[in-house]
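Numbering (our numbering), first residue to last: 1 to 461.
Structure representation (C-alpha cells):
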C-alpha cells in the first residue's frame, strides 16, 4: 500500500511528446496520463510540412506500439509500461477522455486545448488524492496558468536536461590565473616522437576532462590533457606561440580560442569537434578553413558535407525550386560567405569559390534526408545545431561511419526553435555527454572578431 502511495501521476502536454516522442517511457515506476486533447493536437500537427511533424508521427507510432494489444477498458485503467534496467515496479499509461470531464475550475474557458489539459490534471488531483499529480509541460505560460488554477505540482520536462544554467556549460578549456608554471609543484617531462608530454599531479586540476585545453592568463602556456588517471594528468605541450601561428587554408587564429579550435579541427584523432560561442567569433569560417585544408591539401578526407536544419526566423519564403543543394543554398549562405572571405584576395574570387567547391566536393544536404545514410571518409559540418533537439543530433551523429569527422557549431543565444531553450538544446546535450569521450573536443570561442559593430551588439542588445 505504501508503494502505491509513493507512485506519482504525470499528465503530459503535447509539447513534451514533440520534444521527445518516447518521453512517456521515461517516468520509471510512475503512472503517465495522456489526455485525448494531446492525441488530437498530435493528429493536427503530423500532416504539416514541418520538421516537428515527424516528431508527432513518431510519438503516435510509439503510443500505438505501447497500446496495440490493450482493450478499451485497459486503456482507461492503465496499460503497464515496459521495465527498464533494474526497475522492478512498472508504471502505467492511461488515455483519458478529457472532453467528458466536468470543469474543475469554471473560470477556465473550456474551448482552449491548454485549459482542457489543465482541467484533466485538476480532476486527477482531486480523484487520486493523496497521490501526487504532476502536469509536465514546456509551455511556461501554461505552467503559470495551471498553478493559478490550483494545481499543486507543475514541472518542465528535464529527463534530457543535463545542466540547469548554460553559464556552467563545459567550455572545453581551463584558464589558470596568472602563470601556469608558478602553480606546478611537481612535473615529469618526457618526449614521445615530436610531442613533449608533462606528467602533472591530478590535484592541480581534479575536475579535468580528456582533451581539455589548458591555458593561462599570462599567455605563456598552452597544453591539452591527453590521458589521466586518479593520480596524474598527462598534458601535451602545444606551445602558446606555436598555436597562435598555426594556419589552415591561408588563415591564422585571431585569439587563443580560435587557436584551440584549429588545433582540434586539424587533429585527425578527433571524430567530433563542438564549437560554441557568440555570433561573429569565427566558428563557421575556421571550421570551413580546416575542412578545406584536410580535404584538398592533406587528402585525409574525400569530401565536405555541409548541413543544418531550416527553421524560419520570421515568415517562410515559400517553396524553393531546384535540386536539394539549390534548395539548401539560402540556408547555407554562411558557408558560401565564408568561402568568399577565404578567397577574397584571389584575382577572380567567384571563379575560385566555384573551383574549390568542386575540388573539395562540397555538398549541401538537408538534415531531413540524413536518416538512413552511412557517411564514410568525409567531414560533416553541422551548422546552427543549437536549433536541433538531442534526438535529432543523435540521428545525425549515428550516420557518421568510418573515417568521418563531425563538426558541430552553434550559438546558444540564438535559438529559433519554438520547442527548445538553451539548456534543452541538443547542442548543450552533446557538449555535456561527450566531454568524457576520448575522440571529441569542445571549444567555446569567447570573443567576437567579426567587427566592432557585431561585438557591441552581442554585448549590449
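C-beta: ideal position from N, C-alpha, C; glycine also.
No experiment lies behind these values; they were computed from the predicted model shown.
Boundaries for residue 297: no beta strand (DSSP E) harbours it, and the DSSP string shows neither H nor E there. Scanning its chain for C-beta atoms nearer than 7 Å, with the 5 sequence neighbours on each side dropped, one finds around residue 412 the residues 166, 276, 386, 422, 425, 427 and 428, in chain order. For the pair residue 266 and residue 286, the CB atoms are not nearer than the 8 Å cut-off. Cβ neighbours of residue 258 within its own chain (closer than 7 Å, five residues either side excluded): 282, 286 and 445. Non-local C-beta neighbours of residue 255 in its own chain, meaning closer than 6 Å and more than five positions away in sequence, comprise 447, ordered along the chain.
In the structure shown, residue 192 falls within a strand segment according to DSSP collapsed to helix, strand and coil. Counting C-beta pairs closer than 8 Å gives three or more between the stretch 5 to 21 and the stretch 32 to 47, which meets the contact rule. Minimum Cα-Cα distance from residue 403 among the listed residues 431, 300 and 71 corresponds to 300.
A straight-line Cα-Cα distance of about 42 Å links residue 72 and residue 415.
Per DSSP, residue 114 is one residue of the alpha helix (DSSP H) stretching across 113 to 127. Around the Cβ of residue 338, a 10 Å sphere holds 16 or more other Cβ atoms; the residue is buried.
For residue 441, the enclosing beta strand (DSSP E) has its first and last residue at 440 to 444. In the DSSP assignment, residue 226 falls within the unbroken beta strand (DSSP E) covering 222 to 228. In the structure shown, residue 383 falls within a coil segment according to DSSP collapsed to helix, strand and coil. Between residue 11 and residue 120, the beta carbon gap of about 6 Å places them in contact (Cβ cut-off 8 Å). With fewer than 16 other Cβ atoms inside 10 Å of its own Cβ, residue 438 counts as exposed. The three-state reading of DSSP puts residue 217 in coil, since its state is none of H, G, I, E or B. Put simply, the stretch 286 to 295 touches the stretch 235 to 254. At least three CB pairs are less than 8 Å apart. In the three-state scheme derived from DSSP, where H, G and I count as helix and E and B as strand, residue 24 is classed as helix.
In this structure residue 224 touches residue 238 by the C-beta definition: roughly 6 Å separates them, less than 8 Å.
The beta carbons of residue 36 and residue 99 sit about 6 Å from each other, so the pair counts as a contact at 8 Å. Each residue's CA atom was taken as its position, placing residue 34 and residue 430 some 29 Å apart.
Between residue 155 and residue 134, the C-beta spacing is below 8 Å. Note on the stretch 343 to 420: whole beta strand (DSSP E) runs with a minimum of 3 residues are 362 to 366, 378 to 382 and 405 to 410, in chain order. Separation of residue 279 and residue 458 (C-alpha to C-alpha, rounded to the nearest whole angstrom) is 7 Å. Contact between residue 117 and residue 13 holds: their C-beta atoms lie close to 6 Å from each other, under 8 Å. Here the alpha carbon of residue 70 sits roughly 7 Å from the alpha carbon of residue 79. Your pair residue 132 and residue 153 checks out as a contact, with CB atoms roughly 6 Å apart and the cut at 8 Å.
One Cα belongs to residue 395, the other to residue 54, and the distance between them is close to 13 Å. With a threshold of 16 other beta carbon atoms within 10 Å, residue 268 falls short and is exposed. Take the alpha-carbon of residue 64 and the one of residue 58: they are about 10 Å apart.
Under the three-state reduction of DSSP, residue 433 is assigned to helix. Residue pairing from DSSP places residue 173 in a beta bridge opposite 213. Residue burial annotation: residue 216 is buried, with at least 16 other C-beta atoms found within 10 angstroms of its C-beta. DSSP lists 9 as the bridge partner or partners of residue 31. The alpha carbon of residue 371 has as its nearest neighbour, out of 187, 202, 393 and 379, the alpha carbon of 393.
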